[in-house]
Amino acid sequence: MTQTVSNPGRHAFIFDMDGTIVDNMAYHTTSWLQFFSRRGFDYEPDTFFRETAGAQGSEILRLRLGADLPDFEVALLAQEKDALYRELYGPHRRTIDGFDDLVVQARAHGVPLAVATSAPPANIVFTLDEMDIRRHFDAVVGAADVERGKPHPDVFLKAAETLGADPAHCIVFEDAPLGVEAARRAGMRAVVLTTTLPASDFAQFDNVIRIVRDFSQLTLADLFDDEAAPGEPAPGAPQAGRPAA
């Protein structure tokens, strides 16, 4: 039976890319660790992962190698690291379970869709174009399109502006605390996917309306119904002091 779903308030969906559309964050971490190991730096993988998930490559490089690193050198180093990442992840590319079905349903119901990512242009092409995903989206905003990365709200606000959507009616899909915080600062609600970190890592955010393993646990009706005001616990979201299982 076909499900009838309305789109109250003209919702728009904005998707982070890495760790949200594709489950690739472990490959990013491995490529960073290899990159820094070549330069004599060794980091504990889990700590590095938690400290950098969702950040732009340029920010990670300046944090680790020096804030005064010139732009041209940052660009060259980022290209080296991202080439490593694409070599590692290329044979394993696939979308998160349920993603394709959700975006097809959303488009069928007239929901505007955007990608808002910290990734550079080459990695966006690697994922959205080479996997034939870009066709689903009305807008794609990346690191090159904004001055400040997450947790600043710029990338999400730019995506909403491009869609012509009210930020209050945008639902962001994210896997990292930096991204959820960016959505909060943009005045947007967020759905968290636990591809990257456990649900307990998002207990402090009052803009989270759902926490799920993958997109197969979501329906449009769920998303349109979850209009809990900021500060109220939403279904599937951990309450402060009570981490979700």
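Per the numbering used here, the sequence shown runs over residues 1344 to 1588. Beta carbons: idealized from backbone N, C-alpha and C, even for Gly.
Q: Could you name each continuous beta strand (DSSP E) segment of 3 residues or more that falls completely within the stretch 1496 to 1557, going from the start of the chain to the end?
A: Taken in chain order, the complete beta strand (DSSP E) segments of 3 residues or longer contained in the stretch 1496 to 1557 are 1513 to 1517, 1532 to 1536, 1551 to 1555.
Q) Would you call the CB atoms of Ser1461 and Gln1399 closer than 8 Å? A) Locating residue 1461 in the sequence shown gives position 118, where the first residue counts as 1. Locating residue 1399 in the sequence shown gives position 56, where the first residue counts as 1. Between Ser1461 and Gln1399, the C-beta gap is smaller than 8 Å, which places the two residues in contact.
Q.
Could you compute how far the alpha carbon of Val1446 sits from the alpha carbon of His1512?
A. Position 103 of the sequence shown, counting from 1, holds the residue named residue 1446. Position 169 of the sequence shown, counting from 1, holds the residue named residue 1512. Their backbone Cα atoms lie some 17 Å apart in a straight line.
Q) Excluding sequence positions up to five away, which residues of its chain have a Cβ less than 6 Å from the Cβ of Ala1502? A) For the purposes of this step, residue 1502 is identified with residue 159 of the sequence shown, where counting begins at 1. Cβ neighbours of Ala1502 beyond the five flanking positions: Ile1357, Ala1457, Ala1459, Ala1482, Val1484.
Q: Look at Val1555 and Val1534 and say whether their C-beta atoms are less than 8 Å apart.
A: As a position in the sequence shown, residue 1555 is number 212, starting the count at 1. As a position in the sequence shown, residue 1534 is number 191, starting the count at 1. Going by beta carbons, Val1555 and Val1534 fall inside the 8 Å limit.
Q. Can the beta-carbon of Asp1568 be found less than 8 Å from the beta-carbon of Leu1536?
A. On the sequence shown, position 225 is the one that residue 1568 refers to. On the sequence shown, position 193 is the one that residue 1536 refers to. No Cβ-Cβ contact shorter than 8 Å links Asp1568 with Leu1536.
Q | Contacts around Arg1491, its chain only, beta-carbon distance under 7 Å, and the 5 residues preceding and following it disregarded | A | As a first step, residue 1491 is located in the sequence shown; it is residue number 148 there, counting from the start. These residues qualify, in order along the chain: Asp1497.
Q) Which one of Pro1520, Ala1396, Asp1361 has the shortest CA to CA distance from Arg1436? A) Within the sequence shown, numbered from 1, the residue matching residue 1436 stands at position 93. The shortest Cα separation from Arg1436 among Pro1520, Ala1396, Asp1361 belongs to Asp1361.
Q: Starting from the C-beta of Leu1471, find all residues in its chain whose C-beta is less than 6 Å away, skip the five residues before and the five after it, and write them out in chain order.
A: Taking the sequence shown and counting its residues from 1, the one referred to as residue 1471 is at position 128. Here the set comprises Arg1477.
Q | Beta-carbon gap between Leu1431 and Ser1374 smaller than 8 Å | A | The residue given as residue 1431 occupies position 88 in the sequence shown. The residue given as residue 1374 occupies position 31 in the sequence shown. The Cβ-Cβ distance between Leu1431 and Ser1374 falls below 8 Å.
Q. Which residue or residues does DSSP assign as beta-bridge partners of Leu1563?
A. Counting from one through the sequence shown, the residue named residue 1563 turns up at place 220. DSSP links Leu1563 through a beta bridge to no other residue.
Q.
Starting from Val1483, trace the alpha helix (DSSP H) in both directions and tell me its first and last residue.
A. As a position in the sequence shown, residue 1483 is number 140, starting the count at 1. Element bounds for Val1483: not the alpha helix (DSSP H) but the beta strand (DSSP E), 1482 to 1484.
(Q) Buried or exposed, going by whether 16 or more other CB atoms sit within 10 Å of the CB of Arg1381? (A) Start at 1 with the first residue of the sequence shown, and residue 1381 comes out as number 38. Classification for Arg1381: exposed.
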